[in-house]
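Numbering (this note's numbering), first residue to last: 1274 to 1623.
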């Protein structure tokens, strides 16, 4: 019986296809997947670029933005290796990670001064109190507080145009908790975006606008924006965000740590392990390069030790707000050293 030449050709083609697939798979470039906070994005992106140069592109690092909440969702589903986060992981997010059998290593990588900005033509809002910001952003303000003079009678009877991060943002969580008093508690009639560059464009294009985001985005666009000094209370002096005011604990309550969360499982991959070690060793210089506030050398060394030991869990008990006090003398707050020593302590999800 004669064999079909078509079947013979098909067989050879299939074998060649399988061999080519195996070859391509063997030679594939490893990919490290990172997603999450837009605030942490500039730091991680800078590290990723330098890491890829050092590896001569033998490893590919992808850094995307889906907000802190979005990053945690993907990390807990096992879809990414690392989540960028502008706040600590929350209890409900830990529950989701437990559900999927995902453990994580929590690594603070820098400090940020959450920055309130207005249009450069705004000549009235030269400082603001926490109470004024609350009056502006709390849920009760929705549809009612629509003009600047409703916040302060000395300000003009002009429309109040609010811009800010969307509800998946860790910056949104942090701001609402320290300003309004409850995370995610905010008026909804404002222009929301997960892209801080769009917020910059919006504020710089409207005289009556006001917004907030990480300090790095302000520093990068300082000529287009006017920063608003914050007074923590009546009678308190207005304080501008800066490396110095974060370090001396005078820029309150909008100073905060920012993080990366590494999947404990994928941390065992050689490329992920090497990337995180590179991150922590190079962070100080690269954090300053993108206008954020670095941790101390001792803190980065401690973080590296915790990563090497594979310490999993969170040191912040499922809360989104961490009150930082570098002086160590405030009644509420933690010092730089204490912050890092808390890293790696396990708070199991309830």
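Glycine residues also receive a C-beta, built at the ideal position from the N, C-alpha and C atoms.
Discussion item. Considering Cα atoms alone, identify which of 1520, 1484, 1427, 1554 is closest to residue 1465.
Written reply: Locating residue 1465 in the chain shown gives position 192, counting from the first residue. Of the listed residues, the one whose Cα sits closest to residue 1465 is 1484.
Discussion item. If you reduce the DSSP assignment to three classes, tell me which class residue 1557 lands in.
Written reply: Translated into the one-based positions of the chain shown, residue 1557 becomes position 284. DSSP places residue 1557 in helix when its eight states are reduced to three.
Worksheet item: If you draw a straight line from the alpha carbon of residue 1539 to that of residue 1546, how long is it in whole angstroms?
Response: Looking up residue 1539 in the chain shown gives position 266. Looking up residue 1546 in the chain shown gives position 273. The straight-line gap from Cα to Cα measures roughly 8 Å.
Fill in: The alpha helix (DSSP H) enclosing residue 1577, as first and last residue numbers
Counting from one through the chain shown, the residue named residue 1577 turns up at place 304. Segment 1570-1582, the alpha helix (DSSP H) holding residue 1577.
Worksheet item: Are the beta-carbon atoms belonging to residue 1432 and residue 1419 less than 8 Å from one another?
Response: Residue mapping note: residue 1432 aligns to position 159 of the chain shown, counting from 1. Residue mapping note: residue 1419 aligns to position 146 of the chain shown, counting from 1. Residue 1432 is a Cβ neighbour of residue 1419, given a cutoff of 8 Å.
Worksheet entry | N-terminal and C-terminal residue of the alpha helix (DSSP H) that residue 1491 is part of | In the chain shown, the residue the question calls residue 1491 occupies position 218. Here the alpha helix (DSSP H) through residue 1491 covers 1488-1493.
Practice prompt. Look at residue 1460 and residue 1428 and say whether their C-beta atoms are less than 8 Å apart.
Written response: What you label residue 1460 is simply residue 187 of the chain shown in a count that begins at 1. What you label residue 1428 is simply residue 155 of the chain shown in a count that begins at 1. Contact: no.
Item to complete: Look at the alpha carbon of residue 1338 and the alpha carbon of residue 1443, and state the distance between them as a whole number of angstroms.
Response: Translated into positions along the chain shown, residue 1338 becomes position 65. Translated into positions along the chain shown, residue 1443 becomes position 170. Roughly 12 Å between the two C-alpha positions.
Practice prompt. Kindly indicate which residue of 1497, 1498, 1513, 1496 has the alpha-carbon position closest to the one of residue 1504.
Written response: As a first step, residue 1504 is located in the chain shown; it is residue number 231 there, counting from the start. Nearest of 1497, 1498, 1513, 1496 to residue 1504, Cα basis: 1513.
Practice prompt. Give the DSSP-derived three-state secondary structure of residue 1450 in the structure shown.
Written response: Looking up residue 1450 in the chain shown gives position 177. Three-state result, residue 1450: helix.
Fill in: Residue burial classification, residue 1588 (beta-carbon count within 10 angstroms, cutoff 16)
Within the chain shown, numbered from 1, the residue matching residue 1588 stands at position 315. With 16 or more other Cβ atoms within 10 Å, it is buried.
Discussion item. Looking at the strands, I want to know which residues DSSP matches up with residue 1357.
Written reply: Position 84 of the chain shown, counted from the first residue, corresponds to residue 1357. Answer is 1309, 1533.
Worksheet entry | First through last residue of the alpha helix (DSSP H) which encompasses residue 1346 | By 1-based counting over the chain shown, the position of residue 1346 is 73. Start and end: 1340-1349.
Worksheet entry | Residue range of the unbroken alpha helix (DSSP H) whose run includes residue 1475 | Position 202 of the chain shown, counted from the first residue, corresponds to residue 1475. It spans 1469-1477 - the alpha helix (DSSP H) in which residue 1475 sits, taken as one unbroken run.
Worksheet item: alpha helix (DSSP H) containing residue 1320: first to last residue?
Response: Numbered from its first residue, the chain shown carries residue 1320 at position 47. From DSSP, the alpha helix (DSSP H) with residue 1320 extends over 1314-1327.
Worksheet item: Quick one, are the C-beta atoms of residue 1585 and residue 1486 less than 8 Å apart?
Response: Residue numbering aside, residue 1585 sits at position 312 when the chain shown is read from its first letter. Residue numbering aside, residue 1486 sits at position 213 when the chain shown is read from its first letter. No, the Cβ-Cβ distance between residue 1585 and residue 1486 is not below 8 Å.
Worksheet item: Do you know whose CA, among 1477, 1511, 1482, lies nearest residue 1496's CA?
Response: Working through the chain shown from its first residue, we reach residue 1496 at position 223. Among 1477, 1511, 1482, the Cα nearest to that of residue 1496 is on 1477.
Item to complete: Excluding the 5 residues preceding and the 5 following residue 1347 in the sequence, name in chain order all residues of the same chain whose CB lies nearer than 6 Å to its CB.
Response: As a working note, residue 1347 is residue 74 in the chain shown. 1308, 1353, listed in sequence order.
Worksheet item: Can you tell me the Cα-Cα spacing of residue 1519 and residue 1340, whole angstroms?
Response: Translated into positions along the chain shown, residue 1519 becomes position 246. Translated into positions along the chain shown, residue 1340 becomes position 67. Roughly 24 Å separates the two Cα atoms.
Discussion item. Give me the DSSP bridge partner(s) of residue 1385.
Written reply: For the purposes of this step, residue 1385 is taken as the residue at position 112 of the chain shown. Residue 1385 is bridged to 1529.
Item to complete: Determine the extent of the alpha helix (DSSP H) in which residue 1406 is found, giving its start and end residues.
Response: Residue mapping note: residue 1406 aligns to position 133 of the chain shown, counting from 1. From DSSP, the alpha helix (DSSP H) with residue 1406 extends over 1403-1410.
Fill in: Exposed unless 16 or more other CB atoms sit within 10 angstroms - verdict on residue 1380
Along the chain shown, one-based indexing puts residue 1380 at 107. Buried.
Discussion item. Quick check on DSSP: helix, strand or coil for residue 1396?
Written reply: In the chain shown, counting from the first residue as 1, residue 1396 sits at position 123. In the three-state scheme derived from DSSP, where H, G and I count as helix and E and B as strand, residue 1396 is classed as coil.
Discussion item. Does the contact criterion of 3 or more C-beta pairs under 8 Å hold for the segment 1324-1333 versus the segment 1355-1363?
Written reply: The segment 1324-1333, when compared against the segment 1355-1363, does not touch it at the 8 Å Cβ threshold.
Item to complete: Let me know the secondary structure DSSP gives residue 1511 once reduced to three states.
Response: Locating residue 1511 in the chain shown gives position 238, where the first residue counts as 1. Note: residue 1511 maps to coil in three-state DSSP.
Discussion item. Looking at the secondary structure, which residues open and close the alpha helix (DSSP H) in which residue 1518 lies?
Written reply: For the purposes of this step, residue 1518 is taken as residue 245 along the chain shown, with counting starting at 1. Per DSSP, residue 1518 belongs to the alpha helix (DSSP H) from 1516-1520.
Discussion item. Are the CB atoms of residue 1305 and residue 1548 within a distance shorter than 8 Å?
Written reply: Within the chain shown, the letter at position 275 stands for residue 1548. Within the chain shown, the letter at position 32 stands for residue 1305. Closer than 8 Å, so yes.
Item to complete: Rank 1302, 1385, 1326 by C-alpha distance to the C-alpha of residue 1517 and give the top, closest one.
Response: For the purposes of this step, residue 1517 is taken as the residue at position 244 of the chain shown. Nearest C-alpha to residue 1517: 1385.
Fill in: With 16 other Cβ atoms within 10 Å as the buried cut-off, status of residue 1570
Stepping through the chain shown from its first residue, residue 1570 is reached at position 297. Looking at its Cβ environment, which holds fewer than 16 other Cβ atoms inside 10 Å, residue 1570 is exposed.
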